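Colleague: Dropping a structure here in C-alpha cells format, bear with me for questions.
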Amino acid sequence: MPVPPIADAPLFVVLNAASGSGDAADTHALISRLLAESGRRHRVAITQPGLRIAELARRMVSQAMAEGGVVVAAGGDGTINAVAQAAHDAGCPMGVLPQGTFNYFSRSHGIPLDTAQAIRALIDARVEPVQVGQVNEQVFLVNASLGLYPDLLEDREQFKSRFGRHRAVALVAAIATVMRAHRLLRLSIELDGVVRDLRTPTLFVGNNRLQLEQVGIPQASAIEHGRIAAVMLRPLGTAALLGLLLRGALGTLGDAERVVSFEFQRMTVTPSLPYGTRGVKVALDGEVRRMRSPLEFRVSGRPLYLLKPQPVQQATPAADAIAAATAGGA
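For the sequence shown, my numbering assigns the number 1 to the initial residue and increments by one for each residue that follows.
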C-alpha cells in the first residue's frame, strides 16, 4: 500500500543541463521559483563538465538521506536511470521531472510531462514502491538490451546532435541503423535451469508496460506481476528488419513470425565475444555502456520508492499555491 505524502521533506534536484530542448538555466529558475513559492525546502544541482551524472546523483542522494529528504531527477532517461541507481542503492525516495524525448517511465506513472505541472504533482506526491529491473548490479527502469538496439541508440544520439531531439529524428535514425549490416549475436541463455544456445540480431528486455504495449508485445502485462519481458529476433535480412520496424510502429511486433518473446524473473546471458573484446555493449534506459559477461537479467528484490502524483481532488494548499503561480504563465 502507498504511504502518506512526504509533506515537508526537502527536495534535492539533479538537473541535467543537456536534457530536453530548453535552456537549463531557465529550467533551474522555474524549478527554484515554483518550489520557493510553495514553501518547499529544496536544493538544485546542475551537471557540470567533468562531473559524471552518476557521481552527482550519489552526492545528492547522500544529502537527501542525511536530511530526511527526497532526490529528484530532472532530465531524460539517462538522468533518471543514474538517479534511480543511487536512490535504489540507498533506499532513498525519488521524484521525477521529465525532460526527455519519449519519457516512458514518467508517462507510465502518471507524471506530467510539462515541468510546471510535474512540480505541482511532486508537491502532492505519495511514495509508492515500483518494480526495478537489473542487469548484474545495474538498474534499469524501462529497458536493457544488447546487439542491434544499442547500435540504434548510438546512431540516434548522433542524429539528435545534428538535427534536434524529436521523435521523427529518432525514427530516421532507426531506419539508418537497420539499413547497415549487423553481425548476429551468439548467446548462451540459461532460463529456469535450461541452457540454450542461439543466434539473434538483438536481445531486448523490457520493464515498462507502456513501451511493450505500444509495439505489441503480449507479455506487457507481466510487468505488473513481478516479472519482466524478453524480446528476441530470429536471424533475418535487412528487408525483414525494416518490416519489423514498421510492425513496431503499428503496434503489431509481437505477431511477427521472426519475433520471440517471453516473460521471466531471472535469466543469465553469456555472449560469445570476439577475442580481445572488453565486455559486451549493453544499453540501459537509453545509455550505452560496456559490461562484463555473463549478464544476469532479473527483477530486483527491492523496489524503487517513487513519488507518484495523487488524484487532483486531493491537492494540498502547497500545490494550490503552485497552481496559482503557474496559471497563464510558466
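The beta-carbon is built from N, C-alpha and C at its ideal position, and this holds for glycine as well.
From a predicted model like this one, the values you see are computed outputs, not experimental measurements.
(1) Between the stretch 95 to 109 and the stretch 299 to 308, do three or more beta carbon pairs fall short of 8 Å?
(2) Do the CB positions of A144 and V130 come within less than 8 Å of each other?
(3) Quick one: is D26 buried, meaning 16 or more other Cβ sit within 10 Å of its Cβ, or exposed?
(4) Just confirm the distance between the C-beta atoms of A332 and V14, as a whole number of angstroms; I'd bet it's less than 8 Å.
(5) In this structure, how does DSSP classify A192 when only helix, strand and coil are distinguished?
(6) Reducing DSSP to helix, strand and coil, say where S300 ends up.
(7) What are the complete beta strand (DSSP E) segments, minimum 3 residues, inside the stretch 13 to 67?
(8) Which residue comes first and which comes last in the beta strand (DSSP E) that contains F102?
(9) Please report the distance separating the alpha-carbon of M1 from that of E128.
(10) Cβ of L146 within 8 Å of Cβ of L203?
(11) Would you kindly work out how many angstroms separate the C-alpha atoms of E287 and A82, rounded to a whole number?
(12) What three-state label does DSSP hand V71 in the structure shown?
(13) Go through its chain and collect everything with a Cβ distance to R289's Cβ below 7 Å, but skip five positions before and after it.
(14) Does the beta-carbon of A36 have 16 or more other beta-carbons within 10 angstroms, so that it is buried, or is it exposed?
(15) Okay, do the stretch 260 to 271 and the stretch 214 to 224 touch, 3+ Cβ pairs below 8 Å being the bar?
(16) For the putative contact between V132 and V142, defined by C-beta atoms under 8 Å, what is the C-beta separation to the nearest angstrom?
(17) Which same chain residues end up closer than 7 Å to M60 when comparing Cβ atoms and leaving out the 5 residues on each side of it in sequence?
(18) Is the Cβ-Cβ distance between T268 and L233 less than 8 Å?
(19) So within the stretch 203 to 242, which uninterrupted beta strand (DSSP E) runs reach at least 3 residues, ignoring any that extend past its ends?
(20) Where A86 and T47 are concerned, what is the direct C-alpha to C-alpha distance, given to the nearest angstrom?
(21) Out of G78, Q63, E67, point me to the one whose CA is closest to A54's CA.
(22) Quick check: what's the CA-CA separation for E257 versus H225?
(23) Run through the DSSP bridge pairs and tell me what R199 is partnered with.
(24) To the nearest angstrom, report how far apart A325 and D124 are at their CA atoms.
(25) Leaving out five residues on either side along the sequence, give the residues of the same chain with a beta carbon under 7 Å from the beta carbon of G254.
(26) Helix or strand or just coil, what does DSSP make of P271?
(27) Residue range of the alpha helix (DSSP H) that G78 falls in?
(28) So what does DSSP say about L113, is it helix, strand or coil?
(29) Give the C-beta separation of L187 and L198 to the nearest angstrom, bearing in mind that I take them to be a contact with Cβ-Cβ under 8 Å.
(30) In this structure, does DSSP put R107 in helix, strand or coil?
(31) Let me check understanding here. Comparing Cα to Cα, which of D285, L295, Q265 lies closest to G279?
Modeller: Let's see:
(1) Per the Cβ contact rule, the stretch 95 to 109 is in contact with the stretch 299 to 308 (3 or more Cβ pairs under 8 Å).
(2) On the sequence shown, residue 144 is found 144 positions in, with the first residue counted as 1. On the sequence shown, residue 130 is found 130 positions in, with the first residue counted as 1. The answer is no: Cβ separation not under 8 Å.
(3) Here residue 26 refers to the residue found at position 26 when the sequence shown is read from its first residue. By the neighbour-count criterion, in which a residue is buried when 16 or more other Cβ atoms sit within 10 angstroms of its Cβ, D26 is exposed.
(4) Examination of residue 332 is not possible in this model, given that the chain is present from 1 through 330 alone.
(5) Position 192 of the sequence shown, counted from the start, is the residue given in the question as residue 192. Correcting the residue type first, residue 192 is Asp in the shown sequence and not Ala. Per DSSP, reduced to three states, the secondary structure at D192 is coil, with no helix or strand assignment.
(6) Within the sequence shown, numbered from 1, the residue matching residue 300 stands at position 300. S300 falls in the coil class under three-state DSSP.
(7) Counting only runs of 3 or more, we get 42 to 46.
(8) By 1-based counting over the sequence shown, the position of residue 102 is 102. Taken as a continuous stretch (DSSP letters only), F102 belongs to no beta strand (DSSP E), as it is neither H nor E.
(9) Reading the sequence shown from its first residue, position 1 is the one you call residue 1. Reading the sequence shown from its first residue, position 128 is the one you call residue 128. Note on M1: pLDDT 43, under 50, position unreliable in the model; no value is reported.
(10) Within the sequence shown, the letter at position 146 stands for residue 146. Within the sequence shown, the letter at position 203 stands for residue 203. Yes. Within cutoff.
(11) Here residue 287 corresponds to residue number 287 of the sequence shown, with the count starting at 1. Here residue 82 corresponds to residue number 82 of the sequence shown, with the count starting at 1. The alpha-carbon of E287 is positioned some 10 Å away from that of A82.
(12) Residue numbering aside, residue 71 sits at position 71 when the sequence shown is read from its first letter. Three-state DSSP puts V71 in a strand.
(13) Position 289 of the sequence shown, counting from 1, holds the residue named residue 289. Around R289: V282.
(14) Within the sequence shown, the letter at position 36 stands for residue 36. Exposed, by the Cβ-count rule.
(15) Counting Cβ pairs under 8 Å, three or more are found: they touch.
(16) Counted from its first residue, the sequence shown places residue 132 at position 132. Counted from its first residue, the sequence shown places residue 142 at position 142. Taking the Cβ atoms as the reference, V132 lies roughly 11 Å from V142, outside the contact range of under 8 Å.
(17) Stepping through the sequence shown from its first residue, residue 60 is reached at position 60. Listed in chain order, the non-local C-beta contacts of M60 below 7 Å within the same chain comprise F12, V14, A45, V71, local neighbours out to five positions each way being set aside.
(18) Locating residue 268 in the sequence shown gives position 268, counting from the first residue. Locating residue 233 in the sequence shown gives position 233, counting from the first residue. In this structure, L233 does not lie closer than 8 Å to T268 by Cβ.
(19) For the stretch 203 to 242, whole beta strand (DSSP E) runs of length 3 or above, ordered along the chain, are 228 to 233.
(20) One-based indexing of the sequence shown puts residue 86 at position 86. One-based indexing of the sequence shown puts residue 47 at position 47. Rounded to whole angstroms, the gap between the alpha carbons of A86 and T47 is 15 Å.
(21) On the sequence shown, position 54 is the one that residue 54 refers to. Nearest option by C-alpha distance: G78.
(22) If you number the sequence shown from 1, residue 257 lands on position 257. If you number the sequence shown from 1, residue 225 lands on position 225. Cα to Cα, the separation comes out at about 26 Å.
(23) Position 199 of the sequence shown, counted from the first residue, corresponds to residue 199. R186.
(24) In the sequence shown, counting from the first residue as 1, residue 325 sits at position 325. In the sequence shown, counting from the first residue as 1, residue 124 sits at position 124. Because A325 carries a pLDDT of 41, less than 50, the predicted location of this residue cannot be relied on, and no value is offered for it.
(25) Counted from its first residue, the sequence shown places residue 254 at position 254. Same-chain partners within the cutoff: G216, I217, P218, S261.
(26) By one-based count along the sequence shown, residue 271 stands at place 271. Strand, per DSSP.
(27) Residue 78 sits at position 78 when you count from the first residue of the sequence shown. For G78, the enclosing alpha helix (DSSP H) stretches over residues 77 to 90.
(28) Here residue 113 corresponds to residue number 113 of the sequence shown, with the count starting at 1. Here L113 carries a coil assignment [DSSP, helix/strand/coil].
(29) Here residue 187 refers to the residue found at position 187 of the sequence shown. Here residue 198 refers to the residue found at position 198 of the sequence shown. Their Cβ separation, rounded to whole angstroms, is 6 Å, which keeps L187 and L198 in contact under 8 Å.
(30) What you label residue 107 is simply residue 107 of the sequence shown in a count that begins at 1. R107 falls in the helix class under three-state DSSP.
(31) Translated into the one-based positions of the sequence shown, residue 279 becomes position 279. The closest CA to that of G279, considering only D285, L295, Q265, is found on L295.
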